[in-house]
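Residue numbers (my numbering): 49 to 734.
Here is the structure:
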């Protein structure tokens with residue numbers, strides 16, 4: 049059998065690897081000779097062949113006659129075939145021996161099985177993509193699948209040549225698209241005979257003491273209904289979309305029933321809420337189902353939010369209303385499209401039940417995906433209990449998960465604190481550059497991964513003003529737009545306080561640990577300003593740095609605040625001003641205020657090395673046209689809640705997935721709200 053596994057992605061599959069498509073119509077012209085092979089009914093040891101393939105029926109008949117059970121180890125298959133078919137036996141031996149050389153006999157010998165009855169495939173228990181491909185009728189040769197450990201498959205995105213001899217970590221949909229194979233292209237969305245449930249890991253529970261989590265009892269909902277599935281994200285996670293849409297997948301996403309390897313937990317944490325310390329908070333309406341290794345090799349949490357009461361519910365019902373769950377779905381996916389680190393939303397489900405807040409509301413839950421759910425408040429929980437061993441274990445786990453390069457340095461805990469400070473400084477700068485207001489920036493809502501987490505009363509500004517507040521519970525403006533950098537550094541100081549016992553132990557003394565922690569926290573402002581100032585230069589079209597740049601940007605922001613200028617559209621429309629007057633002045637109550645600023649701005653642009661066209665394109669790439677405007681989010685929620693109409697929700701998601709594109713047919717979504725459409729308050733939903 050050939051060892052050449054490189055095939056031109058524009059010309060389909062090599063004829064050596066298209067081995068048994070059942071229907072002749074799916075054969076490419078150069079594969080017609082295979083029809084004759086099938087007619088001779090030669091049994092083959094190929095994986096992923098559809099259930100009604102006659103070759104495999106014959107092979108299994110041969111194995112059954114030899115006394116082999118439906119699921120057999122490779123050694124059993126080889127032994128049986130020696131009695132029935134010497135050619136196949138020799139091939140099986142080659143495959144077995146090669147697999148053992150590549151993967152190791154101890155790890156793979158016991159997991160190489162022939163699976164039956166609904167489809168025929170070689171189950172590599174550590175190769176979920178092989179099984180998913182098999183379930184779709186993806187035709188692979190068994191030796192082809194195990195011939196190499198090359199994991200650089202990029203689904204044809206960067207390479208014209210498609211390397212087939214890989215571990216199939218790429219999603220099936222991308223694999224099919226790259227190969228352009230007609231069978232796959234025509235059958236990706238058809239029902240599959242076999243679908244695979246996720247394979248969860250549980251490093252959080254395995255690495256950390258049980259006092260950091262609880263194992264809640266299942267809290268089923270009556271009639272779960274899948275309202276929206278983020279198929280792009282599901283593919284990134286290596287999940288079987290067909291399985292997720294089926295009854296077992298919906299049961300898992302609803303929290304009614306979990307796969308056998310799932311170990312749902314509710315995480316414990318503490319936190320400062322509006323400056324007041326609460327020693328025990330925790331997941332009061334969420335469970336961490338487990339962790340999945342995504343297609344880039346990163347471990348991602350899958351958490352259900354609104355899944356029912358836990359030990360940490362604090363007399364709450366553990367449920368969620370449809371509106372807040374829709375808001376989190378919309379805003380988190382909008383943030384992702386803007387390039388801002390964020391948790392993601394995998395699914396939105398209706399529970400078939402109602403929750404009672406200010407009024408009776410339809411219940412819902414989401415599946416949230418995160419780099420992890422470790423918070424500043426998680427460390428505070430242990431520090432409040434003087435749990436030094438727990439602090440060390442949690443810090444080591446967080447380093448392993450998010451900052452593995454720090455594991456071997458002499459002062460890894462100090463390095464960890466410094467790394468968290470750096471990520472938070474960059475994150476908050478990105479918020480400020482897009483006009484995003486988190487709304488409830490308590491320490492338990494700060495993720496040490498550097499992702500935006502917990503979308504409660506969040507919002508994007510329309511008209512710019514630094515004191516803008518949307519949260520209905522933020523009466524003093526603690527978490528106003530302009531306060532977010534200061535509050536974040538305050539939150540990070542609380543993390544440093546929690547880490548002091550282990551910082552001191554590795555530094556050789558508490559005083560030394562304290563001084564090092566203070567220096568790390570003190571670095572936040574410079575890091576934040578560097579990121580924000582660079583971003584603001586780019587927003588106004590400046591590529592080089594000049595002393596007057598920051599004053600120029602600050603003057604524009606001041607004019608915007610005094611003139612009620614829309615934050616998003618002012619910066620977006622600046623790209624049309626580089627060659628002369630555009631429509632930006634129309635966003636200002638006093639357009640002449642902008643005109644005088646624009647003269648100085650154009651003088652500054654004249655000293656830049658770029659062409660006007662290049663500058664305009666670069667500005668449009670950093671200044672979005674579309675954001676999740678409050679009135680659009682609320683309109684989508686109202687349509688779904690009051691009328692059961694999810695059309696506006698899905699349309700909004702589609703627009704926000706391409707925030708920097710013009711999308712002229714959707715231009716209304718870019719407009720600020722009319723006076724009667726303005727939304728001045730947002731709510732937590734708890």
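Beta carbons are placed, not taken as given, at the ideal position from N, Cα and C, and that holds for glycine.
Owing to the predicted nature of the structure, the values given are computational and were not obtained by experimental measurement.
Item	Value
Cβ neighbour criterion (16 or more within 10 Å) applied to residue 270	exposed
Candidates 591, 732 and 708, of which the one nearest residue 676 by Cα	708
Inside the region 250–320 only - beta strand (DSSP E) runs reaching at least 3 residues	273–277
Cβ neighbour criterion (16 or more within 10 Å) applied to residue 629	exposed
Given 8 angstroms, three or more beta-carbon pairs between the region 338–354 and the region 554–565	no
Per DSSP, cross-strand counterpart(s) of residue 394	BP columns for residue 394 are empty, so no partner.
Contact set for residue 516: own chain, Cβ-Cβ below 7 angstroms, skip 5 residues either direction	485, 509, 528 and 529
Top-ranked residue by Cα proximity to residue 537, from 565, 712, 659 and 419	565
Among 678, 689, 624 and 397, nearest to residue 299 - alpha-carbon criterion	397
Residue 338, enclosing beta strand (DSSP E) - first and last residue	334–341
Stretch pair the region 468–481 + the region 539–554: three plus CB contacts closer than 8 angstroms	yes
Terminal residues of the beta strand (DSSP E) in which residue 411 lies	408–418
Any non-hydrogen atom of the ligand ZN closer than 6 angstroms to residue 360 Cβ	As far as ligands go, the structure on display features none, and thus does not contain the ligand ZN.
Residue 685 - DSSP class collapsed to helix/strand/coil	helix
Residue 708 - containing beta strand (DSSP E), residue span	First-last for residue 708: undefined, no H or E at that position.
Buried versus exposed, by CB contacts within 10 Å (16 or more), residue 376	buried
Given residue 638 as reference, the closest of 532, 662 and 612 once Cα atoms are compared	612
Rounded distance between the beta-carbons of residue 411 and residue 368, thought under 8 angstroms	7 angstroms
Residue 331 classed as buried or exposed, judged by whether at least 16 other C-beta atoms fall within 10 angstroms	buried
Inter-residue Cα distance where the pair is residue 641 and residue 607	7 angstroms
Of the residues 426, 571 and 605, the one placed nearest residue 480, counting alpha carbons only	605
Straight-line Cα distance separating residue 433 from residue 631	58 angstroms
Unbroken beta strand (DSSP E) run spanning residue 670, endpoints	Residue 670 -> not in any beta strand (DSSP E); alpha helix (DSSP H) instead, spanning 660–670.
Secondary structure, alpha helix (DSSP H): runs of 4+ residues fully inside the region 414–497	424–432, 436–450 and 460–482
Expected contact under 8 angstroms - CB spacing of residue 436 and residue 549 to nearest Å	5 angstroms
According to DSSP, residues forming a beta bridge with residue 353	334 and 414
C-beta neighbour in chain D for residue 670, strict 7 angstroms	Of the protein chains in the structure, only one exists, and it is not chain D.
Residue 324, enclosing alpha helix (DSSP H) - first and last residue	Looking at the DSSP string, residue 324 is not in any alpha helix (DSSP H); the run it does join, the beta strand (DSSP E), is 324–326.
Nearest-angstrom Cα separation, counted from residue 245 out to residue 257	28 angstroms
Cα-Cα separation, residue 716 to residue 650	29 angstroms
Those residues which DSSP pairs with residue 403 across a bridge	409
Stretch-stretch touch, CB-based, cutoff 8 angstroms, three pairs: the region 409–426 with the region 313–322	yes
Cβ pair count under 8 angstroms reaching 3, the region 356–364 against the region 259–277	yes
Rounded straight-line distance, which links the Cα of residue 662 to that of residue 622	13 angstroms
Beta-carbon spacing of residue 386, residue 281 below 7 angstroms	no
Identified DSSP bridge partners for residue 508	484
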